[in-house]
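Residue numbers (the working numbering): 2 to 46.
Glycine is no exception: its CB is placed at the ideal position from the N, C-alpha and C atoms.
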């Protein structure tokens, strides 16, 4: 990879690779974010 950007851990390349290999469970991510939002709302009253 001459002249290209250096490979950086946690870069978009890693995200693309993870997505291609289905390593990211978007349903789980959604569920976690919804749960966090519900907890936050409950804590705020």
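Would you tell me roughly how many angstroms separate the C-alpha atoms of residue i and residue j, rounded to the nearest one?
i          : j          : result
residue 27 : residue 43 : 24 angstroms
residue 37 : residue 18 : 27 angstroms
residue 15 : residue 32 : 23 angstroms
residue 29 : residue 21 : 17 angstroms
residue 24 : residue 34 : 18 angstroms
residue 40 : residue 46 : 10 angstroms
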